[in-house]
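Trainee: Going by the working numbering, the residue at position 248 of the sequence shown is 230; the numbering climbs one at a time, nothing skipped. Quick reminder that beta carbons are idealized off the backbone N, C-alpha and C, glycines included. Let me begin by handing over the structure; questions about it come next.
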Amino acid sequence: MKRHVVLWLLLAGYLFGCDIASTESLEQKGCKEEDCMLVYDGVEYHTYDKELMARTGKINDKENEFQYRLYNNDEYITSGNSITNQFRIMKRVKEQLETVYKHNNDEEGIFPFAVVDDRYIFSVMDYSNDSQKFVGLFYLNEKNKLEKLQTAQNEQTEKIFGIGISAGNNVYTLLFENGLQNLYRTNQSLTEFDLVAEEVNQNISTYQEEVCYVKSQSMYCGDELLSEFKDGVALAWVVNDKYILSVDDTGNYQLMDIEGKKIRVSGEGFIGFEEKPSELLIFSDGKLEKVEG
-17 MKRHVVLWLL
-7 LAGYLFGCDI
3 ASTESLEQKG
13 CKEEDCMLVY
23 DGVEYHTYDK
33 ELMARTGKIN
43 DKENEFQYRL
53 YNNDEYITSG
63 NSITNQFRIM
73 KRVKEQLETV
83 YKHNNDEEGI
93 FPFAVVDDRY
103 IFSVMDYSND
113 SQKFVGLFYL
123 NEKNKLEKLQ
133 TAQNEQTEKI
143 FGIGISAGNN
153 VYTLLFENGL
163 QNLYRTNQSL
173 TEFDLVAEEV
183 NQNISTYQEE
193 VCYVKSQSMY
203 CGDELLSEFK
213 DGVALAWVVN
223 DKYILSVDDT
233 GNYQLMDIEG
243 KKIRVSGEGF
253 IGFEEKPSEL
263 LIFSDGKLEK
273 VEG
């Protein structure tokens, strides 16, 4: 199995053990259009009926198909197959995902990496010969074509496995070193790499222009310890720049204020969340919670 799938399935495995074209009705996914929303669970996009408060289908029912997005920005996502690759870039238009670019190399994968100067940047990875190799960073131009950025090739870039995030003027990425995921601060040209933390979980977020990560059941933003979790927490993010959302390995979730550490909501059957300018939405089986943003 390709490494990118192994790493991303680590997230899905904790919790849960066809792109929607403009011509396809959401009702075909079992969702009433006026009540239907797209929800990302960390691995796949689902359709969620907010009236029924239940997910009704996946945007792609094909086996081994997964989607990848930046944690706080899904204007563009990528979707690909763990066996055949066949990656494409999709743009979110309200509650639809429309394919804007299909990659013509079935030995490569594409992953959202950062947003810098209003340009959406993707990392491209080569998976030929049963190995993984970083090809480079690309941006999607106004003609919906990928253009390669000028980046360094060095010892660090050889260890990039596709995941990145941007905060303020900084870009961060995970390197796979000696079997561990280590977090580094870098730049768009990949000429500098400063170690932030070793042996971190894969899901990363941001808070007040600092990168946030989970290490040894504790969440840090930069060098600051924000929260310590009970055993079993599998995923955690800073959301809306004011809450910490954590999910354990059985799907139980909890939303806590960063200031004051007050628990706002909690529940079970976590499906996903979405940040809005004025509110935070948390989707679960049988419940849709709205919290002031």
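My output table needs one value for Lys141: the three-state DSSP class, helix, strand or coil.
Mentor: Counted from its first residue, the sequence shown places residue 141 at position 159. If DSSP states are grouped into helix, strand and coil, Lys141 belongs with the helices.
Trainee: For the stretch 137 to 214, list the beta strand (DSSP E) runs that are entirely contained and at least 3 residues long, ordered along the chain.
Mentor: 142 to 149, 152 to 159, 162 to 168, 176 to 179, 187 to 189, 192 to 197, 200 to 203 and 206 to 210
Trainee: Going by DSSP, what residue range makes up the beta strand (DSSP E) through Asn55?
Mentor: The sequence position of residue 55 within the sequence shown is 73, counting from 1. Its beta strand (DSSP E) spans residues Asn55 to Asn63.
Trainee: So what does Phe120 bridge to, in DSSP terms?
Mentor: Stepping through the sequence shown from its first residue, residue 120 is reached at position 138. Phe120 is bridged to Phe104 and Lys130.
Trainee: Name the residue from Val182, Asp205, Asn183 and Gln184 whose alpha carbon lies nearest to the alpha carbon of Glu192.
Mentor: Taking the sequence shown and counting its residues from 1, the one referred to as residue 192 is at position 210. A check of alpha carbon separations from Glu192 across Val182, Asp205, Asn183 and Gln184 identifies Asp205 as the nearest.
Trainee: Return the CA-CA distance between Gln68 and Val82, expressed in angstroms with no decimal places.
Mentor: Numbered from 1 along the sequence shown, position 86 holds the residue referred to as residue 68. Numbered from 1 along the sequence shown, position 100 holds the residue referred to as residue 82. Near 14 Å, if we compare the C-alpha coordinates of Val82 and Gln68.
Trainee: If you count every other CB in all the chains shown that lies within 10 Å of the CB of Pro259, and 16 or more means buried, which is it?
Mentor: Walking along the sequence shown from the start, residue 259 turns up at place 277. So Pro259 counts as exposed.
Trainee: Nearest CA to the CA of Ile41: which residue from Glu33, Glu77 and Lys32?
Mentor: Sequence index remark: in the sequence shown, residue 41 carries index 59 (1-based). Checked all of Glu33, Glu77 and Lys32; the closest Cα to Ile41 is Glu77.
Trainee: For Ala3, count neighbouring Cβ atoms within 10 angstroms of its own Cβ and tell me buried if that reaches 16, exposed if not.
Mentor: If you number the sequence shown from 1, residue 3 lands on position 21. Residue confidence is low: Ala3 scores 39 on pLDDT, short of 50, so the model does not pin down where it sits. No coordinate-derived value is stated.
Trainee: Name the residue from Gln114, Asn123 and Met35 whose alpha carbon lies nearest to the alpha carbon of Glu140.
Mentor: Counting from one through the sequence shown, the residue named residue 140 turns up at place 158. Answer by Cα proximity: Gln114.
Trainee: Based on the DSSP secondary-structure assignment, which residues constitute the bridge partners of Ser228?
Mentor: The residue you call residue 228 lines up with position 246 of the sequence shown. Ala218 and Gln236.
Trainee: Mapping the DSSP letters down to three states, classify Gln10 as helix, strand or coil.
Mentor: Here residue 10 corresponds to residue number 28 of the sequence shown, with the count starting at 1. With a pLDDT of 48 at Gln10, under the threshold of 50, the modelled position of this residue cannot be trusted, and the question is left open.
Trainee: Considering only residues of the same chain and omitting the five flanking positions on each side of Ile145, which have a CB-CB separation below 7 Å?
Mentor: Numbered from its first residue, the sequence shown carries residue 145 at position 163. Hits under 7 Å: Phe93, Thr155, Leu156 and Gln184.
Trainee: Is Ile65 buried or exposed, if buried means 16 or more other CB atoms sit within 10 Å of its CB?
Mentor: Indexing the sequence shown from 1 puts residue 65 at position 83. Classification of Ile65: exposed, given that the 10 Å Cβ count is below 16.
Trainee: Bridge partners of Leu20, per DSSP?
Mentor: For the purposes of this step, residue 20 is identified with residue 38 of the sequence shown, where counting begins at 1. DSSP lists Thr29 as partners of Leu20.
Trainee: What whole-angstrom Cβ distance do Asp213 and Tyr225 have, given they're in contact under 8 Å?
Mentor: Translated into positions along the sequence shown, residue 213 becomes position 231. Translated into positions along the sequence shown, residue 225 becomes position 243. That belief does not hold up - the Cβ atoms of Asp213 and Tyr225 are roughly 21 Å apart, past 8 Å.
Trainee: When you compare only the Cα positions, how much space is there between Asn151 and Val98?
Mentor: As a first step, residue 151 is located in the sequence shown; it is residue number 169 there, counting from the start. As a first step, residue 98 is located in the sequence shown; it is residue number 116 there, counting from the start. Asn151 and Val98 have their C-alpha atoms spaced approximately 8 Å apart.
Trainee: With DSSP as the reference, label Ser266 as helix, strand or coil.
Mentor: Translated into positions along the sequence shown, residue 266 becomes position 284. Three-state result, Ser266: strand.
Trainee: Closest to Glu181 by C-alpha separation, out of Gln190, Ser200 and Ser171, would be which residue?
Mentor: For the purposes of this step, residue 181 is taken as residue 199 along the sequence shown, with counting starting at 1. Closest by alpha carbon: Ser200.
Trainee: With a CB to CB cut of under 6 Å and the five nearest residues on each side skipped, what residues in its chain are close to Ser209?
Mentor: Position 227 of the sequence shown, counted from the first residue, corresponds to residue 209. Taken in chain order, the residues that qualify are Met201 and Ile226.
Trainee: Helix, strand or coil: how does DSSP classify Glu77 here?
Mentor: In the sequence shown, residue 77 corresponds to position 95, counting from 1. Here Glu77 sits in coil by DSSP.
Trainee: Taking the CB atoms as reference points, tell me whether Leu177 and Asn164 lie closer together than 9 Å.
Mentor: For the purposes of this step, residue 177 is taken as the residue at position 195 of the sequence shown. For the purposes of this step, residue 164 is taken as the residue at position 182 of the sequence shown. Yes, the pair counts as a contact, with Cβ atoms nearer than the cut-off.
Trainee: For Thr5, count neighbouring Cβ atoms within 10 angstroms of its own Cβ and tell me buried if that reaches 16, exposed if not.
Mentor: For the purposes of this step, residue 5 is identified with residue 23 of the sequence shown, where counting begins at 1. Bear in mind that the predicted position of Thr5 carries a pLDDT of just 34, short of 50, making it unreliable; the figure below should be weighed with that in mind. Exposed.
Trainee: Opposite Ile71 in the DSSP bridges: which residues?
Mentor: The residue given as residue 71 occupies position 89 in the sequence shown. Bridge pairing for Ile71: Thr60 and Tyr83 [DSSP].
Trainee: Let me know the secondary structure DSSP gives Glu15 once reduced to three states.
Mentor: For the purposes of this step, residue 15 is identified with residue 33 of the sequence shown, where counting begins at 1. Correct three-state label for Glu15: helix.
Trainee: What is the DSSP secondary structure of Ser248, counted as helix, strand or coil?
Mentor: The residue labelled residue 248 in the question sits at position 266 within the sequence shown. Looking at Ser248 - three-state DSSP - the assignment turns out to be strand.
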